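Number of protein chains: 4
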Amino acid sequence: MTDLVDRLAIEVPSWAFGNSGTRFKVFGSPGTPRTVQEKIADAAMVHRMTGLAPVVALHIPWDRVEDYGALRSYARDLGVELGTINSNTFQDDDYKFGSLTHLDPKVRRKAIDHHLACIEIMNQTGSRDLKIWLADGTNYPGQGDIRGRQDRLADSLATIYAQIGPQQRLVLEYKLFEPAMYMTDVPDWGTAYAQVSTLGERAVVCLDTGHHAPGTNIEFIVAQLLRLGKLGSFDFNSRFYADDDLIVGAADPFQLFRILVEVIRGGGLAADSGLALMLDQCHNIEAKIPGQIRSVLNVQEMLARAALLDIESLTAAQESGDVLTANGVFMDAFYTDVRPRLARWRAERGLPEDPMAAYAASGYQARIEAERVGGTQSSWGA
Amino acid sequence: MTDLVDRLAIEVPSWAFGNSGTRFKVFGSPGTPRTVQEKIADAAMVHRMTGLAPVVALHIPWDRVEDYGALRSYARDLGVELGTINSNTFQDDDYKFGSLTHLDPKVRRKAIDHHLACIEIMNQTGSRDLKIWLADGTNYPGQGDIRGRQDRLADSLATIYAQIGPQQRLVLEYKLFEPAMYMTDVPDWGTAYAQVSTLGERAVVCLDTGHHAPGTNIEFIVAQLLRLGKLGSFDFNSRFYADDDLIVGAADPFQLFRILVEVIRGGGLAADSGLALMLDQCHNIEAKIPGQIRSVLNVQEMLARAALLDIESLTAAQESGDVLTANGVFMDAFYTDVRPRLARWRAERGLPEDPMAAYAASGYQARIEAERVGGTQSSWGA
Amino acid sequence: MTDLVDRLAIEVPSWAFGNSGTRFKVFGSPGTPRTVQEKIADAAMVHRMTGLAPVVALHIPWDRVEDYGALRSYARDLGVELGTINSNTFQDDDYKFGSLTHLDPKVRRKAIDHHLACIEIMNQTGSRDLKIWLADGTNYPGQGDIRGRQDRLADSLATIYAQIGPQQRLVLEYKLFEPAMYMTDVPDWGTAYAQVSTLGERAVVCLDTGHHAPGTNIEFIVAQLLRLGKLGSFDFNSRFYADDDLIVGAADPFQLFRILVEVIRGGGLAADSGLALMLDQCHNIEAKIPGQIRSVLNVQEMLARAALLDIESLTAAQESGDVLTANGVFMDAFYTDVRPRLARWRAERGLPEDPMAAYAASGYQARIEAERVGGTQSSWGA
Amino acid sequence: MTDLVDRLAIEVPSWAFGNSGTRFKVFGSPGTPRTVQEKIADAAMVHRMTGLAPVVALHIPWDRVEDYGALRSYARDLGVELGTINSNTFQDDDYKFGSLTHLDPKVRRKAIDHHLACIEIMNQTGSRDLKIWLADGTNYPGQGDIRGRQDRLADSLATIYAQIGPQQRLVLEYKLFEPAMYMTDVPDWGTAYAQVSTLGERAVVCLDTGHHAPGTNIEFIVAQLLRLGKLGSFDFNSRFYADDDLIVGAADPFQLFRILVEVIRGGGLAADSGLALMLDQCHNIEAKIPGQIRSVLNVQEMLARAALLDIESLTAAQESGDVLTANGVFMDAFYTDVRPRLARWRAERGLPEDPMAAYAASGYQARIEAERVGGTQSSWGA
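Listed in order, the protein sequences are those of chains R, P, F and S.
By the numbering used here, the letter at position 18 of the first sequence is numbered 18, and the numbering carries on one by one without gaps.
By the numbering used here, the letter at position 381 of the second sequence is numbered 1381, and the numbering carries on one by one without gaps.
By the numbering used here, the letter at position 23 of the third sequence is numbered 2023, and the numbering carries on one by one without gaps.
By the numbering used here, the letter at position 244 of the fourth sequence is numbered 3244, and the numbering carries on one by one without gaps.
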């Protein structure tokens, strides 16, 4: 178990520390960062409490700065690296009817150029992954030509991919719906897979655990994409309904366990796997830094349980067609309380045994609430 | 058919003319109203083009004015009435953890008082219905006590209901989820029904067609609530996924047809029915005034088809257990193109035969785009 | 914890020991009972291994015998009681288009009479509950009149209810769909609640955990029906998709935990609650007796975890609006491994510490496989 | 429009004329075929009434005969051809835990051999397509190794594909769930696409319209698979909930319209397309032959509406970003009543103007009910 747990490193997204909400309301909260530096500081605190979050993902333009080299140094001084660069083609008026899929070549070019600018940033931050999530889609039947949009998407991605460096990757994310309400241009793993397969080896898929239709067996997709060599990264979160963006493991811890069983089974934690484990959540009503701490702990805890799976007994039961024993072996791992062991794991590494309590006791929250006064709190708009 | 179509009167919501969007982006558009008066003017234009939308629903506080009597006169001068008053307890920081269900009696009192203020407004606008949609709910298991919240909801509603006048109604809307992501306090028609049944005769249920779980048979709920005497109003819209708030009839016109068949069957269009037919949609990317015109036309068109249903043949087929013939009779009504007849219906009443074309030709859009410059465009915030 | 666990008594259904399957295939297995007596013997073995299943529910006509008094004695001799009587109006050709809702009064009368015969059996078996699950519904729009069917259902139920004895209850089950594919006459808890409320105090609702639309918050319904005094019984099972009828807790153990939290919260385990906890599952491919053992253990285990919930800390966190702490307290109970404690609980009561292993070691399976040769294996047909 | 309608040829499945049902009950009906010859006769009657169904798909072993050449002649004499051969690896006890994916090489070999036998039959019937729908999957987490099963599936398919003739195709169908309740080995189009892409050019995907998760945009998949050159065939039917297998177009005619728009757009009706349009439905409670007649008429009717789509106006509206006009053009085609035109189309070809009425008047049903007495009615078992 320890071996696998030792390999766990999670990317936390800078935007998790800013405000987020629903179309109905965005609640602010004291201490919310106003700058990318403050977001990185908060992320570093998550890492300091847990030892699990050594990388911070950025979102462009929300985290745009003049000097990315300086930002990288700033992060390193705090003990974290800059990670995945996430592009944004959904908040500009030009993108009302699409970005990489837009009928108008000028808008497509603008969206492509934005991605090329992101690659430039990656070169400076030392980031490996360009993650592309597109809001592209249509709200009404007839509004767009499904086939034509798909072809234009392929063209745009090829143009971007041509600029991806030899140590870099293009990661394409899929999502069932929202903000598009009728047709989404990259709605499922099949589409993402077909698109990246055409591009080449350094194009892979991002699986956001909240982006599927009800009833979808997500661990199957994990197993399949790992088998096909195309699972590039996760966006971890959880959901009861749609893309709820709740804390990973909060809605269905057993599902998270099953997903991590397949990650291990498919070699996703092997040294050469390249699989990035990111969070992508919205702490709309709960405290943000503890929310991220809880999230990385949830991943660690379920990974530790998954690592306990007795593969030998499981295989024996599978081979004998003993459904109940196979399931029993599987559940044994899930039902085992690994929290004491993980507390020891932390203690051995000089980390707080109880990161949630340690954060509460750290005074960090009081400090940022006192210091971060004035300015504009970060949110999805910036 | 004509008889039923003649009875159709739809309430359009003032907020449909303001900007709306998703949590990702709200797109503005030229000509968007800045004031409630401008919203009412737009609504009146919808009525002028279609003869179908004689009432405008208001939302408090978005449509708050000093003098509601003056507003009523203003609307009447434009040919429309003020209708349902919609309360809002989801945009104030105090309501982060609930409103009518909140643990803190001060917050509950504030939410109750808001509704009492709405009743005061109703007294001035001559509105019959107070519509309550609550964003109340929780995002995480354990966050709130489901049972306690339900009990407090009952208490709060009783306090409000006590102030509802003898000619007024309290209309309680239900919704599966959003903005709450784990537990919603009024998630289904059963809860709304149980709550309003306890209150009394003038408490009824609002059915928003986009507020159900996947697979829910909405026309069944329509039939059931009409049978129980508790269907107070509709919020019409359509959806492919969640609460997409698309134009009514756009996603599944056959479903709208089936709903209207049950409305007719259940006496929902009878003179004494009291059933309010409201729109509640978000024109995020399409033009708003034509969007409303298209919406009321869709309801009229499906009602006209539903009115064609040959009940005698249908009943005969049902009685003989002839499934295919019964379904065939049902589909015959749906498949009949009523548009020419409705064009004549309009012509006979001095209305444009083609309201969409008439609006485009009217110059209204160009005029408001020229006139409505400066100020702040209305949206869900105001 | 022990106090609540001590109160747990689960009804196992006789039909769980017979063969079941899908529309594609029913797999048989050696040792499957041929008679109701053999089913009861198997059920008694489940109780002997676990101490959790002292009652066997029967299904009429599948479990029809000449002498129910003798059957009751037979069961008692094996250490179990006869429980809920389940009616069946879905396997006779007459019910092709409905039973209690049928247009033809003769078919309705036949279906009513079947229920009256069930009440007669209850009088002999000493059963308290008549459980009614109806397959009634339609496959095509127009096939039936939704409203008329609902009215006839109400009439039929009233006729049956009139014969329910003072110590007996009528329990009405709801189900979203299947076998009806378009409209089901009792599709949701709201309908079941409205129908039983009209009947009277001894009419209550059965909640089958697999009978809801995707995304439905089942623990909310549990809380609501307990609050309304109308939750009569559970049919426990679990599902990933539709009415999969998998082992309870197998698909989403955390959901089962949440449900049992609300059962405790709502007084469902209080001495006077009257809430019946039944299993209703299909062991299509797994061994049946161990499948039932695993099932009752799952309920016990999740109840034990739910019983650990620290209500005081939870309430304090709720009151302070501390979402993460409230959720943390909630999850603490869920994450605690209660299996060692439950093994001790069993040992203290002279039960096998590991019921699954004890059953495997008991020789029972080999014995029934040797003895139960010839005859017709029980299934849904008999 | 006529041009496209003229190209429409639908395969009806032999098993549609036999009895089918749910796990709860299979209702028989007078006149049901006892032999494959009688099924073909019924299918020929559907073609005689409509001119739309010149091909009959067979299911092995249900339609196994000694002499397939004779069967082919028999069919031709009745005016129809034999079409797709559908394999069956879900009704043998050996397949309880899988077929092409089974852990045991003997069971895999048996399943492979069955498919090779089907290819032999295809050589005799002149069939082009071997359609493979697998019930393979698991009911419980841990029961099987997802990754290993996928690898074995790939191996098995490769062995079968090696025997597919140069004019033949292997068509792989996907399905979300049922009969497997937790993990299905070919659950989505992505998996089917990945598997057939590895095999080669003559391996394609079958899209069954009822085999998707709630909310899935099926016309998107149609467009995507046509774009990728991998859409081999349709299994048409319709659904409100799961794999309901209702008459195509019955649940959501507008969805069928959108699907057929994409079929046309993607060249699916072009002379060289190779796209097979099959029905796959269950007439559980409605009359079977008229059920098939209604089904092919529904496809024709929606195709005729789709053919009316004014592409030029649609494109112009799309290019100008006029969402409402684009949607309006789209809906115009859907709302146009094409039934009179199709009646004329039939009259011009010597077909009955009203096929449903013509069948009722034909005396065919009375004749088969009189003649088909004794024997065993065909069903999924044979």
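Just so you know, even glycine gets a beta-carbon here, dropped at the ideal spot from N, CA and C.
If you're wondering where the values come from, they're calculated on a predicted model, not measured in any experiment.
Contacts around residue i, its chain only, beta-carbon distance under 7 Å, and the 5 residues preceding and following it disregarded
i: S:L3303; result: L3004, V3005, L3008 and L3260
i: F:A2044; result: L2078, G2079 and V2080
i: F:S2379; result: G2018, N2019, S2020 and V2026
i: P:A1242; result: E1178
i: R:R108; result: L100, H102, R152 and S156
Chain R contact residues for residue i, given Cβ-Cβ distances below 8 Å
i: F:T2336; result: D337
Burial state of residue i (16 or more Cβ within 10 Å)
i: R:S73; result: exposed
i: S:E3038; result: buried
i: F:T2002; result: exposed
i: F:D2093; result: exposed
i: S:R3239; result: buried
i: P:N1217; result: buried
i: P:R1023; result: buried
i: F:R2064; result: exposed
i: P:T1376; result: exposed
i: F:A2307; result: buried
Proximal chain R residues relative to residue i, where beta-carbon distance stays under 7 Å
i: S:D3145; result: Q318
Bridge partners - residue i, DSSP secondary structure assignment
i: P:G1021; result: P:V1026
i: P:L1246; result: P:S1238
i: R:R169; result: R:D129
i: P:T1184; result: P:G1137
i: S:L3278; result: Leu is not the amino acid found at residue 3278 of chain S; the sequence shown has Met there. BP columns for S:M3278 point to S:E3011 and S:D3235.
i: S:N3086; result: S:H3059 and S:K3131
i: P:V1204; result: P:V1171
Chain S contact residues for residue i, given Cβ-Cβ distances below 9 Å
i: F:L2246; result: N3139, Y3140, M3181 and Y3182
i: R:T209; result: Ordered by position in chain S, no residue passes the 9 Å Cβ test against R:T209, which lies about 15 Å from the chain.
Contact list for residue i against chain F, beta-carbon separation under 8 Å
i: R:V323; result: I2285, E2286 and A2287
Contacts that residue i makes with chain P (C-beta to C-beta distance below 7 Å)
i: S:Y3241; result: G1215
i: S:P3290; result: L1324
i: S:D3252; result: D1252 and F1254
Proximal chain F residues relative to residue i, where beta-carbon distance stays under 9 Å
i: S:Q3091; result: F2024 and K2025
Contact set for residue i: own chain, Cβ-Cβ below 8 Å, skip 5 residues either direction
i: F:A2135; result: T2089, F2090, Y2095, S2099, P2179 and A2180
i: S:Y3182; result: G3137, T3138, N3139, Y3140, P3141 and Q3143
i: R:V329; result: L309, D310, S313, L314 and A317
Residues that residue i contacts on chain P, provided the C-beta gap is smaller than 8 Å
i: R:K96; result: F1027 and I1285
Proximity test, residue i beta-carbon vs the ligand ADP heavy atom, cut-off 7 Å
i: S:G3083; result: Only the bare structure without any ligand can be found here, which leaves the ligand ADP out of the picture.
Contact set between residue i and chain F, taken where Cβ atoms lie within less than 7 Å
i: S:A3135; result: F2024
message: Three or more C-beta pairs under 8 Å: does that hold for the region 90-110 of chain R against the region 3285-3296 of chain S?
response: no
task: Examine the Cβ distances between the region 3248-3265 of chain S and the region 2197-2207 of chain F and report whether three or more of them are shorter than 8 Å.
output: no
message: Three or more C-beta pairs under 8 Å: does that hold for the region 266-280 of chain R against the region 1165-1175 of chain P?
response: no
message: For the structure I just gave you, are there three or more beta carbon pairs, one from the region 1348-1356 of chain P and one from the region 1045-1062 of chain P, closer than 8 Å?
response: They touch, by the three-pair rule.
message: Pairs of beta-carbons, one from the region 3279-3286 of chain S and one from the region 3301-3320 of chain S, closer than 8 Å: are there three or more?
response: Segments in contact, no.
Three-pair Cβ contact test at 8 Å for the region 3244-3253 of chain S versus the region 3211-3218 of chain S: no
- prompt: If you pair each beta-carbon of the region 139-156 of chain R with each one of the region 3216-3230 of chain S, do three or more pairs fall below 8 Å?
  reply: yes
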